[in-house]
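Chains as they are written, first to last, in my numbering: chain A, 93 to 702; chain B, 12 to 591.
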């Protein structure tokens, strides 16, 4: 008889652990548009299975809640049932002994309050409000609805130029997105249910790298219509590209010296090389798009001028003004915004931070970009100051890791208080207040002041990267509607009561992603074409390869490698390495072809032309 | 060509052929259930599973294509078991009260389960219940629906109306009216194509036979029935007799056995329609500036519902002439009641139509111009009449031919082709030519508008004036035509539209044959009847001429307007489906 024994896991436990992981991945891959009440009752069932069975509210209550929810779904409930569900869940939450009970009840409460209208619809009409509209998860989640299974199948057939043509149908900036897209398409990839999402962006990069020069299609016969595009960023370029394909005469008005917008002035060369970007833009605009740089609408000419001269106007000015922290000393010399710094680099200015001690304020991707750029400009020390925790940063984890690998230090839970400057008004220190992470507010843990002394961080330069805004004033003066700091455009890019003027991208949504700006440009092009009285269709004329009927077996995801940190931090050259041929073939074969198998075979999922 | 081995048989098939087609072309039958060629190849039922050598998972034959060197087994032990399981699972959610189902004996699920030898379902029965209105012409039974999705696909791909969609997700997924609407509040044209493409009894027409049996049993009621042109091409199909045998005269005989007092032909009022609609068209041509062209035919109530809901601004372009069915009703309860010398309210007017929209049309609030209740009291589909024939235990193979009653049983060849796409146009042109030139054209002078193409166009010379006409059938084709008209890509003087592909011969009320499209074959019957008819021109129908002489005076007369024309704006259609 032993007094203690070593705990070993039996086969059942190990299997259950595996099943937990399977379930986690499965939830990640949930398609958007499922019935929330049906999901709530399924989650509740899992919660109930976790009950130890000691206490009444959890052991019995969670089961009764399930029955009530089932009644709602089966059309056996009335409106009072919904109230009973809410009261019961509230009482379980109040009276359960442990989190297994009260957190389960909280989930039900959250639902009955968050999607009550769906409960009501089930009760009154026996139906659900939600529906699966786009059956292919990656296509559904790509703002531009790029035909992802289609181009992956083309890559598997080594038809890289066709892949580029197919992508361009919905997203002209293939190479740029191959390098820097945030790939929302990968988030709910059904492959998650088996192992891990397909590396979609990596495959796109492989296609872009190996397609060679793919000329743009010939434009439709000239319509004689003229369209002005204000802003030569990704949104403006996309709109101009599609409008020129449709046979309209397009002129882009760009405030800066070069085209590209945030692709040039926001994203460092080491993520998106300027020569690659320039080459792509040149190709896309080769259908006779006219470009006028260093023209600022609002200063050199007005929207009214453009309205007179052009048949339609698309405003795609982006979000290029910097936000201030609003602390004492922010006006001192040596304090610059991320926007200013990246703009100088984008225009080819040779900045030199040799030997400097640099502080970057912010926790987003832009903060990482400026920190990593500062390293490359020769800074001796770069510290990133963030008021929350590293895990709360909005920057992608790989960006944070990349910055750290290149030598940036991160000081989390430190809130800037004031900037100290010397007698020449040059910033020489940032004072920060240590924070403690606290209660969850609006779904996110909020920091509060810790009971610690303020710290003085001596430095030579401070770069503020806490977000961007939109220069709306000149447009507001021209009568363009502005609401909460952004242009108030409708979901089809038009402006209420101003026919012929359209707007989209960051200047409408606030700072967002490149792919959303591209999607907005695509929407605008379609609606401008209709507005001009046409119905040109954009299509790729690429035949998608037939399905390969191989068994899909679990297989690891190929991730893109990066150049060694010690080497890459010395220059501004591209840091990410593309896949090998072997890797690309394997990765392409991982695609589950949701356009053919499952709901895709029914509801299509392929929009061949728009 | 690719070489494949199916069930050990070496087969050559065209590249891109599905495994299912390749097998069928070589005499190997793979069972299917949800599959509908060119419309629904989504592999939902998982019945057409096959095993591919070297692959672990089974695949569906309906939507996967043959590959060079492929070895396919359509009935291996693995396939047989999985297929059987799937059919049993379907049966566990299907209301199997076959004896009381309209599709019993003509049900693809029933046949499949029988073929597979399923005599036991080991799963718990779980039926999906939901509410459905009882009085709309189209009924859906959730408990019989097997979610094959064919109704959704036919409505989306062929008719372009998007009335059906999936509702709910997960285990409670079912088929329902899209956008959380009720069918009666939707813009459904009531074409009934979803019914004729349903493999089971989940969709059917409202059964109006009890009302007809009641009327037949009542000695006080005078029962008058009209038989639409297209019925004669299809009614005999479920009885295993040939098309030649199943003549309209044998149907007359069957209906007389049922006890109808007067049995007439809708061909009579089709000829009348030509007189009114043709005259109206020539009148519009004379005053071109007062009208928007083209003028549209108005015989098809599904089309009228479509235009009113989808393009309400174009309703004035519809001919004001009533459909032949409604003209017949109005004539029966006025002119014919006078001839009989009876109170028209004693007349119970029944029509036999290939159509569900007709059930809606006869109940419109303004279809009562004769002043004795609804001009047409009840519409029966071909299927309902066939059910009545069975219920009456009539021996169809033993039927003799009998003549229609007179005078409303007389029709021309021009009228009989009303049942096929292009027929109304052709009939109208034959008479329009006569009305303009004073002489008859060759009867087949306008046959260019025949055929199953979804959108046909032709230009004819009408006494020196070129007349541009178009004919469309199927609402998907119709929408394309209308959109092209609105974009001014095309322009016509006169357009005929029929809601169902191929016209009324392919109507939603016709007998059902799973997987077969019979509009072409049935249409041939009608063109054959036209060819052998001594009368080929509506304006030569003696009964029609007599009717004008004794009652209406002339086409477009005051009385004609009262009884034979209608205001399409007098009733409302629900708004268009917003999410299109």
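All residues carry an ideal CB built from backbone N, CA and C; glycine is no exception.
Rounded separation between residue 676 of chain A and residue 394 of chain A - CA only: Counting from one through the first chain, the residue named residue 676 of chain A turns up at place 584. Counting from one through the first chain, the residue named residue 394 of chain A turns up at place 302. A direct Cα-to-Cα measurement between residue 676 of chain A and residue 394 of chain A gives close to 49 Å.
Cβ neighbours of residue 129 of chain B in the same chain (closer than 8 Å, five flanking residues each side left out): Taking the first residue of the second chain as 1, we reach residue 129 of chain B at position 118. The answer, listed in chain order, is 95, 98, 99, 102.
Residues within the region 210-221 of chain A neighbouring chain B, beta-carbon criterion of under 8 Å: Across the region 210-221 of chain A, CB contacts with chain B closer than 8 Å involve 213, 217, 218, 219, 220, 221, in sequence order along the chain.
How about residue 683 of chain A: is its C-beta nearer than 7 Å to some C-beta of chain B? Looking up residue 683 of chain A in the first chain gives position 591. No, its Cβ sits nowhere closer than 7 Å to a Cβ of chain B.
Do you know offhand how far residue 96 of chain A's Cα is from residue 105 of chain A's? On the first chain, residue 96 of chain A is found 4 positions in, with the first residue counted as 1. On the first chain, residue 105 of chain A is found 13 positions in, with the first residue counted as 1. Computed Cα separation, rounded: 20 Å.
Expressed to the nearest angstrom, what Euclidean distance is found between the alpha-carbon atoms of residue 293 of chain B and residue 585 of chain A? Looking up residue 293 of chain B in the second chain gives position 282. Looking up residue 585 of chain A in the first chain gives position 493. One Cα belongs to residue 293 of chain B, the other to residue 585 of chain A, and the distance between them is close to 47 Å.
What residues are listed by DSSP as bridge partners for residue 550 of chain A? Position 458 of the first chain, counting from 1, holds the residue named residue 550 of chain A. As a beta-bridge residue in DSSP terms, residue 550 of chain A pairs with A:521.
Residue burial classification, residue 520 of chain A (beta-carbon count within 10 angstroms, cutoff 16): Position 428 of the first chain, counted from the start, is the residue given in the question as residue 520 of chain A. By the Cβ-count criterion, residue 520 of chain A is buried, with 16 or more other Cβ atoms from all chains shown falling within 10 Å of its own Cβ.
Should residue 261 of chain A be labelled buried (16 or more other beta-carbon atoms within 10 Å of its own) or exposed? One-based indexing of the first chain puts residue 261 of chain A at position 169. Answer is buried; the Cβ neighbour count reaches 16.
Can you pull the chain B residues whose beta carbon is under 7 Å from the beta carbon of residue 638 of chain A, in chain order? Residue 638 of chain A sits at position 546 when you count from the first residue of the first chain. Chain-order list of chain B residues neighbouring residue 638 of chain A: 76, by C-beta distance under 7 Å.
CB residue 247 of chain A to CB residue 176 of chain A, shorter than 7 Å? Taking the first chain and counting its residues from 1, the one referred to as residue 247 of chain A is at position 155. Taking the first chain and counting its residues from 1, the one referred to as residue 176 of chain A is at position 84. Cβ distance not < 7 Å, so residue 247 of chain A and residue 176 of chain A don't count as in contact.
Could you pull out every residue in the same chain whose Cβ sits closer than 8 Å to the Cβ of residue 265 of chain A, ignoring the five residues on either side in sequence? The count along the first chain starts at 1 and reaches residue 265 of chain A at position 173. So the list reads 326, 329, 330, 355, 372, 376, 606, 610, once near-sequence residues are dropped.
Are residue 13 of chain B and residue 165 of chain B closer than 7 Å when you measure CB to CB? Walking along the second chain from the start, residue 13 of chain B turns up at place 2. Walking along the second chain from the start, residue 165 of chain B turns up at place 154. Cβ distance not < 7 Å, so residue 13 of chain B and residue 165 of chain B don't count as in contact.
With a threshold of 16 other CB atoms inside 10 Å of the CB of residue 144 of chain A, please say whether the residue is buried or exposed. For the purposes of this step, residue 144 of chain A is identified with residue 52 of the first chain, where counting begins at 1. Here residue 144 of chain A is exposed: its Cβ has fewer than 16 other Cβ atoms, across all protein chains shown, within 10 Å.
Taking DSSP's pairing of strands, which residues face residue 586 of chain A in a bridge? As a working mapping, residue 586 of chain A is identified with position 494 in the first chain. Answer is A:594.
Quick test of your reading: residue 61 of chain B and residue 83 of chain B, contact by CB under 8 Å. State the CB separation rounded to the nearest angstrom. Locating residue 61 of chain B in the second chain gives position 50, counting from the first residue. Locating residue 83 of chain B in the second chain gives position 72, counting from the first residue. Under the criterion of beta carbons closer than 8 Å, residue 61 of chain B and residue 83 of chain B qualify as touching, at roughly 5 Å.
Within chain A, the residues that residue 332 of chain B reaches when beta carbons sit closer than 7 Å: Taking the first residue of the second chain as 1, we reach residue 332 of chain B at position 321. Per Cβ cutoff of 7 Å: no residues; residue 332 of chain B is ~34 Å from chain A at best.
Local Cβ density within 10 Å of residue 313 of chain A, reported as buried at 16 or more and exposed below that: Taking the first residue of the first chain as position 1, residue 313 of chain A is located at position 221. Under this definition residue 313 of chain A is an exposed residue.
Local conformation of residue 112 of chain A per DSSP, three classes: As a position in the first chain, residue 112 of chain A is number 20, starting the count at 1. Of the three classes helix, strand and coil, the one that applies to residue 112 of chain A here is helix, per DSSP.
Determine whether the beta carbon atoms of residue 279 of chain B and residue 422 of chain B lie at a separation below 7 Å. Here the question's residue 279 of chain B lines up with position 268 in the second chain. Here the question's residue 422 of chain B lines up with position 411 in the second chain. Annotated as proximal: residue 279 of chain B and residue 422 of chain B, with beta-carbon spacing under 7 Å.
Among B:269, B:531, B:353, B:301, which has the Cα closest to the Cα of residue 434 of chain B? Here residue 434 of chain B corresponds to residue number 423 of the second chain, with the count starting at 1. If we check each option's Cα against that of residue 434 of chain B, B:531 comes out closest.
Per DSSP, cross-strand counterpart(s) of residue 140 of chain A: As a first step, residue 140 of chain A is located in the first chain; it is residue number 48 there, counting from the start. Paired residues: none, contrary to the question.
Can you find a CB in chain B that lies within less than 7 Å of the CB of residue 643 of chain A? In the first chain, the residue the question calls residue 643 of chain A occupies position 551. It does: the Cβ of residue 643 of chain A has a partner Cβ on chain B nearer than 7 Å.
Between which two residues does the alpha helix (DSSP H) holding residue 358 of chain B run? Numbered from its first residue, the second chain carries residue 358 of chain B at position 347. Per DSSP, residue 358 of chain B lies in no alpha helix (DSSP H) segment; the continuous beta strand (DSSP E) that holds it begins and ends at 358-364.
For the region 237-304 of chain A, list the alpha helix (DSSP H) runs that are entirely contained and at least 4 residues long, ordered along the chain. The region 237-304 of chain A contains these whole alpha helix (DSSP H) runs: 240-248, 252-262, 266-272, 292-302.
To the nearest angstrom, how far is the alpha carbon of residue 145 of chain B from that of residue 370 of chain B? By one-based count along the second chain, residue 145 of chain B stands at place 134. By one-based count along the second chain, residue 370 of chain B stands at place 359. Spanning the alpha carbons of residue 145 of chain B and residue 370 of chain B requires a straight line of approximately 14 Å.
Chain A residues whose Cβ lies nearer than 9 Å to that of residue 180 of chain B: Along the second chain, read from residue 1 onward, the residue named residue 180 of chain B stands at position 169. Ordered by position in chain A, the residues that pass the 9 Å Cβ test against residue 180 of chain B are 123, 125, 126, 127, 130, 131, 220, 222, 223, 224.
Please confirm if the region 350-364 of chain A is in contact with the region 456-468 of chain A, defined as three or more CB-CB distances below 8 Å between the two stretches. Because the criterion of three Cβ pairs below 8 Å is met, the region 350-364 of chain A and the region 456-468 of chain A touch.
Excluding the five sequence neighbours on either side, which residues of its own chain have a C-beta within less than 6 Å of the C-beta of residue 435 of chain A, listed in chain order? For the purposes of this step, residue 435 of chain A is taken as the residue at position 343 of the first chain. Excluding positions up to five away in sequence, the list reads 357.
Can you list, in chain order, the residues of its chain whose CB lies under 6 Å from that of residue 141 of chain B, leaving out five sequence neighbours each side? Position 130 of the second chain holds residue 141 of chain B. Only 153 meet the Cβ criterion.
Would residue 24 of chain B count as contacting chain A if we go by Cβ distances under 7 Å? Here residue 24 of chain B corresponds to residue number 13 of the second chain, with the count starting at 1. Output row for residue 24 of chain B: interface = no.
CA-CA distance, residue 86 of chain B and residue 53 of chain B? On the second chain, residue 86 of chain B is found 75 positions in, with the first residue counted as 1. On the second chain, residue 53 of chain B is found 42 positions in, with the first residue counted as 1. So the alpha carbons of these two residues sit roughly 20 Å apart.
Given residue 324 of chain A as reference, the closest of A:596, A:179, A:190, A:161 once Cα atoms are compared: Indexing the first chain from 1 puts residue 324 of chain A at position 232. Distances from the alpha-carbon of residue 324 of chain A to those of A:596, A:179, A:190, A:161 put A:596 closest.
Cβ of residue 266 of chain B within 7 Å of Cβ of residue 403 of chain B? Position 255 of the second chain, counted from the first residue, corresponds to residue 266 of chain B. Position 392 of the second chain, counted from the first residue, corresponds to residue 403 of chain B. Residue 403 of chain B is positioned such that its CB atom lies no closer than 7 Å to that of residue 266 of chain B.
CB of residue 503 of chain B within 7 Å of CB of residue 482 of chain B, strictly: Within the second chain, the letter at position 492 stands for residue 503 of chain B. Within the second chain, the letter at position 471 stands for residue 482 of chain B. Not in contact: residue 503 of chain B and residue 482 of chain B (Cβ atoms no closer than 7 Å).
Candidates A:165, A:604, A:700, A:545: which alpha carbon is nearest residue 235 of chain A's? The residue given as residue 235 of chain A occupies position 143 in the first chain. Nearest neighbour of residue 235 of chain A by Cα position, chosen from A:165, A:604, A:700, A:545, turns out to be A:604.
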